[in-house]
Every structure is written in structure tokens, then in C-alpha cells.
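Just so you know, the protein sequences line up as chains L and W, in that order. Going by my numbering, the final residue of the first sequence carries number 1569, and the count climbs one at a time with no gaps. Going by my numbering, the final residue of the second sequence carries number 788, and the count climbs one at a time with no gaps. One structure below.
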Amino acid sequence: MSAPLLTIADVAVELPTPRGSLRAVDHVDLSLEAGRTLGIVGESGCGKTMLSRAVLQLLPKRAKLTGRVMFDGQDLAQLAPERLRRLRGRDLAVVFQDPMTSLNPVLTIGTQLMETIQEHLELDAPEARKRSIELLAAVGIPAPDQRLAQYPHQCSGGMRQRIAIAIALSCEPKLLIADEPTTALDVTIQAQILDLLAREQRRRHMAMILITHDLGVVAGRADEVAVMYAGRVVERAPTQALFKRMHMPYTEALLAAIPKLDAAPHTPLPAISGRPPDPTRPLRGCSFAPRCRYAASDCHHAKPALTSAEIPGHLYACFHPIQMTERVGA
Amino acid sequence: MMQPAVRAEPLLNVDNLVVEYGLGNKTVHAVSGVSLQVARGETLGLVGESGCGKSTLGRAVLQLRRAKSGRVLFDGEDLTAMEGEALRKMRRRVQLIFQDPIASLNPRRRIGDIVSEPLIIAGVKDAAERKRRVHEVLSAVGLDPDLVAGRLPHEFSGGQCQRICIARSLVLNPEFIVCDEPVSALDVSIRAQILNLLEEMKARFGLTLLFIAHDLAVVKAVSDRVAVMYLGRLCEVGPSERLFARPAHPYTALLLQAIPVPDPDIRPAESVANGEPPSPIAPPSGCRFRTRCPRADQQCSAEIPELREVAPGQFAACHHPLA
Ligand SMILES: Nc1ncnc2c1ncn2[C@@H]1O[C@H](COP(=O)(O)OP(=O)(O)OP(=O)(O)O)[C@@H](O)[C@H]1O
Ligand SMILES: Nc1ncnc2c1ncn2[C@@H]1O[C@H](COP(=O)(O)OP(=O)(O)O)[C@@H](O)[C@H]1O
Ligand code: SF4
Ligand code: SF4
Ligand SMILES: [Mg+2]
Ligand SMILES: [Mg+2]
């Protein structure tokens, strides 16, 4: 096995709030090799974005980060701000849920693309322009040369996300973090954007972290999936193993809550009752216990550690793991 | 499955509705001649991509946006011809739930006041009666009235805000609710809670629903029949099971293929129709879907396809429907 491109070791993020310190990320370990896709799945607020911002070293100012983020042989936390800035946008790129987070509303699309390219690659203006047009064409934008002169607000949501992806890909990054890149988009456009990301990833042998709250989005597209809950990774497995032999009640509940196309209309959905725990309150026991249908008394007293399952690379954190044979149908 | 009795007098009958917006000197053709019926007690799902006119249609049904032409018959009466007091009276029977639950609640008002506001507007003067109604609907949507009534919207999550919006829409005892993407802004887990809640409320209060969404799986979960819209026109309408099993319109088939399936053995099909919908300012001639349709031919650009019955209760507007 080759050395991983990215290693997240015991990473924790705490954020100061008026109600006390908030555990946004609670000691996460993950690794990712070049050319592979890691899906990160979990409900809103479970720490997906904070984890990716920890990797990018783009946390809110007062956040406290512990643990190590090794990328391409260097510890990002130790890197000087200037070197970090150059790394981001070049080797380490990101696409956010809201494309306007990464696009500047007052600059034309051409200016934004060309600036990024010229900042990181040694290209003159005509070359950068040519490359911008190629990139826009690659992400499926019709008449790309005309788009260069337009502003983001003149494009639809789907177009803007394509442009944000073009900018992210412009310097051939080694790792692309896509944080809910399609959550704000229609299903048809979502499918196009996910295909686009997969295609560019294969072509560039790029590593990708695909963050979403929908297990359906990662099913056919990630090599490995990590399920997060209340700041922790609670299950992690090669994609096939996760869907076929999941052990975590939370993973099962997330999957069951997705409306199924083959279910008859008016079939009640197995919803997860309640909400994730307040991350500013101390937790005893399993964080999922108040919502878990399998919870027993031990679940409320001790915290289950991540444990290896029978399949290599499959880990879960549960005292009473489900066996897929027992799984009640969705 | 039992067919809903569409042949009986429908509660809502939208007849050849046209809604346009002026944009500078141009016209946005948001809804261009849509006809549909919703039977009493039925849920009609309405799907289509962003910008195809779903919300515009919903708002035009409620007369929040006046139609350029066409009629909206509610319980036999034409809402488009109503004004003033008559319309206000009618509006109590028809309510709307929005996509963005947080934005649709006034951030400076307490939940109890937000939910009782429609009662005040409707002229319910008895404060005790208002309080009773507010308690009743808040409990119905799964909130504890004593805990929530005095709090402000920012203290609640998106899912809870949507519960509050649903409570507000129920407080006047309406017969019909237009749900405009009520779960699109919510997480998978909360989405399931809210969908179940809507189903419960429908049964408990005897509601009829027009349920708008862009996610077909969500729509199927709650709808008896489904209508598919594209760029201001209706493509297909039919019983949910039938439409999902045997879509007749190429656009319905495309939407079905785009749904991410939570099964790693099903490789996602490379996105079939590339590109995005054309501008509703200058929609294509003939069939509006032809610029993305794999079956398009000469006839499709020359003639507007009419809705035709392709199977019992299933209608499609296509010159070359799928078998
Ligand atoms: N006030 C307005 N002025 C001008 N054009 C408008 C206005 N409101 C909507 N439109 C346009 O009318 C068309 C239909 O819009 P509508 O909001 O009904 O779509 P929708 O199907 O509800 O989309 P979404 O899924 O994004 O909510 C779109 O092209 C939209 O840009
Ligand atoms: N800037 C911030 N300040 C304080 N808390 C924050 C901030 N951003 C996010 N959080 C909190 O951190 C936790 C994790 O958030 P986030 O990583 O954004 O979740 P996700 O991306 O999974 O939805 C949540 O409890 C959230 O409310
Ligand atoms: S440890 Fe207990 S509460 Fe937690 S997921 Fe497992 S069974 Fe449920
Ligand atoms: S009428 Fe023609 S273009 Fe329109 S959906 Fe049918 S085959 Fe496609
Ligand atoms: Mg996030
Ligand atoms: Mg809308």
C-alpha cells in the first residue's frame, strides 16, 4: 500500500461560544490515497464542514485545533501561512455548497479564473485565457469564451457550481474537497455535477473528499465512506461493505430515512426521532443513544470506541452492532 | 391501488392557466397554459426543475399572483374572478407552506404570536379561543405549546421551524394546502419526520394537498398522483405508481434517472440529458423539452404536443411517448 496523500490523525476542533466550548470535531482519524474518493456522510451540524476546514487550515479564528493533518508529506499545522496559502488553490482545492462562497460577485468569471491560474502557474495572460476557456468547456459550459466576460449573478446555480469547480480544478490539485457541492441544486443538475467531478477525478488521478448528508450521493461514487455523528466518525468502511454489512444503528437509520422509489405512496418513512445532541453539553455514553432503537443501559454509561469489524478497513463504534441479516427492511 | 375519484367534482380545478412576469421589456413565460385537477382528499405531487414554474403555479392558485388568463376553480367557484372580502373568505380555506421555513417566520415575533396571526387577520376576537387553537395545532405538529409559544424563531432548527410553519397553516382549519418544497431545505433525517407529519395532518384534518418538490422520491412518498412540469408546461400527469413504473414522457424518465440511489451496485448512469433548461423568456417552439430530448425530431419543433391519455388516468404531452 502506498503512503496516503492525506492523513488526519486524532483531529479535534473546539469552538468557543457564549454557552461554552462546542465540540465541532471530536477526535477523528482518517486517511486517503491519491486517486481515491472518500465520502463523508452525516446530518447537518455533525462536523463535516469543520473537519474539512481543519484539513484546509481554514477554521474560524478562535477555533482550537488539535491533532495532526499530514498532506503530501507535510504537517499542515506547522506550515507558515504563506506556504499554506500557496498550497491551497494549487495542491489542495475546495468546492463549497454555496458556489458564491468561492466566487467574487464583483469580478467577471474570466478575471477570477485567470487570476487563480496566474497566481499558481507560470502562464502569461493569453495562455491563462486559453486555459480558462478549456476549463470552462471541460466542466460543460456552453460558449465558454463568451462566459468569461460575465459576472456570477448572470449564471444559474448549476452554472455557478460548474465555474467554482473549474476554478478549483484550474491548478491540477492533488486533493479536492467537495463540501455538499450539490445540496443546493436540482436532481438533474446534481447528477451532472457529480458525474463531472467523478470524470475529472479519474482523468487527473486526483483524491477527493465528497461531503454530503445523503447516502444516496456517495453510494455509487465513493471508494470508502465515513459516517459522522456528533463530531465523531462512528462508522467507516469500503463503500460496498458499508451498504451491505453496516454495523452502526445510525448508518442504518440514515439509509432507512431516504424515501425509496420502489415503496408504495403513503408508506410511512422510518424517520430518526429527535435531534443530534447539543455539542456544548458534556456527553456520557454513546452520542446516538437517545435516538437509537437498539440502545441498552450500557449505551448510556460508556462511550463505544471505534472497533474493527471482520472486513479489513471496516470500523464501527457501537456496543450492539447490527448484523445485516437482522436488519429490518426499510 | 384505488384510483382517486377524479371524475367527481374536483376540489381544485386549474383550467388553462397562464402566468407571466414582466422583466424590463421582456416577458417571462412562467406558466403557459397548465390545466390540472385535485380531487377532495387527494395529494397531487408537482415536480420539475428549478425555474419551471412550480411556485408560480402554486401562488397563482392562491391568487397571490394574478394569472394573465385561465381559471382557478376552488370548490366550484372561480378564484380568479374574486376580489376583496369574497377572496379573503376563500383564502382561509386555502393555505401555503414555503420552502425556507426559517425565512418565512418573522424573527422578532414569538412563536405563539406567529401561529395566531392568521386567526387575528381572520377576525377571531376571542383571545381564549385563539390560544386554544394555537395550543391545539402546536401540539398536533409535535411541539410542546408551553415550551415553544414564548420563544423566538432563531431558537429553533430548520425542522422545528417547518413544524411551526405547518402549525400556522393549520390554524384556520383549511381544506387545501399548497406545500411549496416543504422539505427541500432539510436534511434526510428531518425530511422523513416532516413528510410523516404532513401525512398525519392530512389524515387528521381531512386535507387536500398540492405538494411541490423537485425530488421525485420525496413526491412519490406522499402523492396519489404526480404532475411533471417543464419550463412552464405540463409534461405528464398520472397515478404515482404508474408514472414511476412506466413514465411516458422522456422528461419524466430523465428525472427518474437522475435520482441518486443508495445502492453501490447501481452505477449512476452518466447524466443523460446534458445542459440546463432554456430561458423561459424565449422558450423553444413546439415542445419546450426538445432542446434536451433524445427523441426530438422535426415535428417536435413545429407542433406543441397536447396532453393525451396514454394509459388509464395517465396523460403525456409528447409526440413520441415512451412505450
Ligand atoms: N417576480 C418575478 N419576476 C420575474 N421573473 C420571475 C419572478 N418570479 C419568478 N420568475 C421567473 O419565473 C419562472 C418560474 O419561477 P418559479 O419560482 O415559479 O419556479 P419554480 O419551479 O418554483 O423554481 P424553484 O424550484 O427554483 O423554486 C423562472 O424563470 C423565474 O426566474
Ligand atoms: N463559526 C462557528 N462558530 C461556532 N460554532 C460553529 C461555527 N460553525 C459551525 N459551528 C458548529 O460546529 C458544529 C459542526 O458544524 P459543521 O462542521 O458546519 O457541520 P456540518 O458541516 O456537518 O453541517 C455545529 O454544532 C455548528 O453549529
Ligand atoms: S452503542 Fe448503543 S446507543 Fe450507541 S449506536 Fe450502538 S446500540 Fe445504539
Ligand atoms: S414531443 Fe418530441 S421533444 Fe418533446 S418530449 Fe416528446 S419526443 Fe421529446
Ligand atoms: Mg456543512
Ligand atoms: Mg419554487
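Ideal Cβ positions, reconstructed from N, Cα and C, are used throughout, including at glycine. Owing to the predicted nature of the structure, the values given are computational and were not obtained by experimental measurement.
Span of the beta strand (DSSP E) holding W:ASP611? Here residue 611 of chain W corresponds to residue number 146 of the second sequence, with the count starting at 1. Premise fails: W:ASP611 lies in the alpha helix (DSSP H), 610 to 613, not in any beta strand (DSSP E).
Within 7 Å (strictly less), CB to CB, does W:ILE631 reach chain L? Numbered from 1 along the second sequence, position 166 holds the residue referred to as residue 631 of chain W. Answer no: the Cβ-Cβ gap between W:ILE631 and chain L never drops below 7 Å.
Apply the 10 Å Cβ neighbour rule to L:ARG1262 and answer buried if 16 or more other Cβ atoms are within range, or exposed otherwise. In the first sequence, the residue the question calls residue 1262 of chain L occupies position 23. With 16 or more Cβ atoms within 10 Å of its Cβ, L:ARG1262 is classed as buried.
Taking C-beta pairs closer than 8 Å, name the residues in chain L that W:ILE554 reaches, listed in chain order. The residue you call residue 554 of chain W lines up with position 89 of the second sequence. The sequence given here places Lys at residue 554 of chain W; Ile does not occur at that position. In chain order: nothing, as chain L lies at least about 32 Å away.
Exposed or buried, W:GLY671, counting other C-beta atoms within 10 Å across all chains shown (16 or more means buried)? Position 206 of the second sequence, counted from the first residue, corresponds to residue 671 of chain W. That one is exposed.
Where W:LEU675 falls: helix, strand or coil (DSSP): By 1-based counting over the second sequence, the position of residue 675 of chain W is 210. Three-state DSSP puts W:LEU675 in a strand.
Could you check whether W:ALA713 and W:LEU787 sit closer than 7 Å to each other, using their CB atoms as the reference points? Here the question's residue 787 of chain W lines up with position 322 in the second sequence. Here the question's residue 713 of chain W lines up with position 248 in the second sequence. Taking 7 Å as the Cβ cut-off, W:LEU787 and W:ALA713 qualify as a contacting pair.
Within the same chain, show all residues whose beta-carbon is closer than 6 Å to that of L:ALA1476, passing over the 5 residues directly before and after it, in chain order. By one-based count along the first sequence, residue 1476 of chain L stands at place 237. Contacts found: HIS1553.
I want to see whether chain W comes within less than 7 Å of L:ALA1510, judged by CB atoms only; does it? Indexing the first sequence from 1 puts residue 1510 of chain L at position 271. It does; some Cβ of chain W falls within 7 Å.
L:PRO1365, enclosing alpha helix (DSSP H) - first and last residue: Here residue 1365 of chain L is taken as the residue at index 126 of the first sequence, counted from 1. Counting along the chain, the alpha helix (DSSP H) containing L:PRO1365 begins and ends at 1364 to 1377.
Rounded to the nearest angstrom, what separates W:VAL493 and W:GLY516 at their Cα positions? Position 28 of the second sequence, counted from the first residue, corresponds to residue 493 of chain W. Position 51 of the second sequence, counted from the first residue, corresponds to residue 516 of chain W. Cα to Cα, W:VAL493 sits roughly 11 Å from W:GLY516.
DSSP on L:THR1422, reduced to helix/strand/coil? Position 183 of the first sequence, counting from 1, holds the residue named residue 1422 of chain L. In the three-state scheme derived from DSSP, where H, G and I count as helix and E and B as strand, L:THR1422 is classed as coil.
Residues near L:ARG1292 in its chain [Cβ-Cβ closer than 7 Å; skip 5 each side]: By 1-based counting over the first sequence, the position of residue 1292 of chain L is 53. Result list for L:ARG1292: LEU1298, in chain order.
Counting only beta-carbon separations shorter than 7 Å, does W:ALA692 have a partner in chain L? As a first step, residue 692 of chain W is located in the second sequence; it is residue number 227 there, counting from the start. Not an interface residue.
Unbroken alpha helix (DSSP H) run spanning W:PHE539, endpoints: Within the second sequence, residue 539 of chain W is the residue found at index 74, counting from 1. Counting along the chain, W:PHE539 falls outside any alpha helix (DSSP H), though it belongs to the beta strand (DSSP E) covering 534 to 539.
Does any residue of chain L bring its CB to less than 7 Å from the CB of W:HIS494? For the purposes of this step, residue 494 of chain W is identified with residue 29 of the second sequence, where counting begins at 1. By this cut-off, W:HIS494 is not an interface position.
Beta-carbon gap between L:VAL1280 and L:VAL1473 smaller than 7 Å: Here residue 1280 of chain L is taken as the residue at index 41 of the first sequence, counted from 1. Here residue 1473 of chain L is taken as the residue at index 234 of the first sequence, counted from 1. Not a contact, by the Cβ cut-off of 7 Å.
Grouping DSSP H, G and I as helix and E and B as strand, with all else coil, what is L:THR1519? By 1-based counting over the first sequence, the position of residue 1519 of chain L is 280. If DSSP states are grouped into helix, strand and coil, L:THR1519 belongs with coil.
Looking at chain W, which residues of the stretch 1450 to 1463 of chain L have a Cβ within less than 8 Å of any of its Cβ atoms? HIS1452, ASP1453, LEU1454, GLY1455, VAL1456, ALA1458, GLY1459, ARG1460
Buried or exposed: which applies to L:VAL1345, given that a residue is buried once 16 or more other Cβ atoms fall within 10 Å of its Cβ? For the purposes of this step, residue 1345 of chain L is taken as residue 106 along the first sequence, with counting starting at 1. Exposed is the call here.
So with Cβ pairs under 7 Å, would you call L:ALA1469 a contact of chain W? Along the first sequence, read from residue 1 onward, the residue named residue 1469 of chain L stands at position 230. No, no contact with chain W.
L:GLN1562 versus chain W: which residues are under 8 Å apart at the beta carbon? For the purposes of this step, residue 1562 of chain L is identified with residue 323 of the first sequence, where counting begins at 1. Those within 8 Å of L:GLN1562 in chain W number zero; the least Cβ separation is about 19 Å.
For a contact defined as C-beta to C-beta under 7 Å, what are the partners of W:PHE709 on chain L? Start at 1 with the first residue of the second sequence, and residue 709 of chain W comes out as number 244. Correct list: LEU1500.
Give a yes or no on whether 7 Å exceeds the smallest Cβ distance from L:PRO1504 to chain W. Start at 1 with the first residue of the first sequence, and residue 1504 of chain L comes out as number 265. True, the Cβ-Cβ gap to chain W drops below 7 Å.
Could you give the DSSP three-state label for L:ILE1380: helix, strand or coil? By 1-based counting over the first sequence, the position of residue 1380 of chain L is 141. L:ILE1380: coil per DSSP, three-state reduction.
According to DSSP, simplified to helix, strand and coil, what is L:MET1487? Position 248 of the first sequence holds residue 1487 of chain L. Note: L:MET1487 maps to coil in three-state DSSP.
Kindly list the residues whose CB is nearer than 8 Å to the CB of W:MET617, restricted to its own chain and excluding five residues on each side of it in sequence; keep chain order. Your numbering for residue 617 of chain W matches position 152 in the second sequence. The residue asked about is misnamed: residue 617 of chain W is Leu in this sequence, not Met. Same-chain partners within the cutoff: PRO572, ARG573, ARG574, ARG575, ILE576.
Taking L:GLU1282 as the query, report the chain W residues whose CB atoms sit under 7 Å from its CB, ordered along the chain. In the first sequence, the residue the question calls residue 1282 of chain L occupies position 43. Near L:GLU1282 (Cβ distances below 7 Å), the residues of chain W are ASP652, SER654.
Taking Cβ positions only, does L:ASP1425 come closer than 7 Å to chain W? Taking the first sequence and counting its residues from 1, the one referred to as residue 1425 of chain L is at position 186. It does: the Cβ of L:ASP1425 has a partner Cβ on chain W nearer than 7 Å.
With distances taken from CA atoms, which of W:VAL726, W:GLN764, W:LEU696 is nearest W:PRO745? Working through the second sequence from its first residue, we reach residue 745 of chain W at position 280. The shortest Cα separation from W:PRO745 among W:VAL726, W:GLN764, W:LEU696 belongs to W:LEU696.
Considering L:ARG1262, what are the terminal residues of the beta strand (DSSP E) in which it resides? In the first sequence, counting from the first residue as 1, residue 1262 of chain L sits at position 23. Element bounds for L:ARG1262: 1259 to 1271.
Helix, strand or coil, according to DSSP, for W:PRO469 in the structure here? Taking the second sequence and counting its residues from 1, one reaches residue 469 of chain W at position 4. Below a pLDDT of 50, predicted positions are generally treated as unreliable, and W:PRO469, at 49, falls in that range; no measurement from the model is reported.
Ignoring anything shorter than 4 residues, give me the alpha helix (DSSP H) runs that lie fully in the stretch 542 to 604 of chain W, in order along the chain. The stretch 542 to 604 of chain W contains these whole alpha helix (DSSP H) runs: 549 to 556, 576 to 586.
Quick one: give me the first and last residue of the beta strand (DSSP E) that L:LYS1231 is part of. Any property of residue 1231 of chain L remains undetermined from this structure, which presents chain L solely from 1240 to 1569.
Give the DSSP-derived three-state secondary structure of L:PHE1558 in the structure shown. Within the first sequence, numbered from 1, the residue matching residue 1558 of chain L stands at position 319. Here L:PHE1558 sits in coil by DSSP.
Could you tell me if L:GLN1393 is buried or exposed, where buried requires 16 or more neighbouring beta carbons within 10 angstroms of its beta carbon? As a first step, residue 1393 of chain L is located in the first sequence; it is residue number 154 there, counting from the start. Around the beta carbon of L:GLN1393, fewer than 16 other beta carbons lie within 10 angstroms, which makes this residue exposed.
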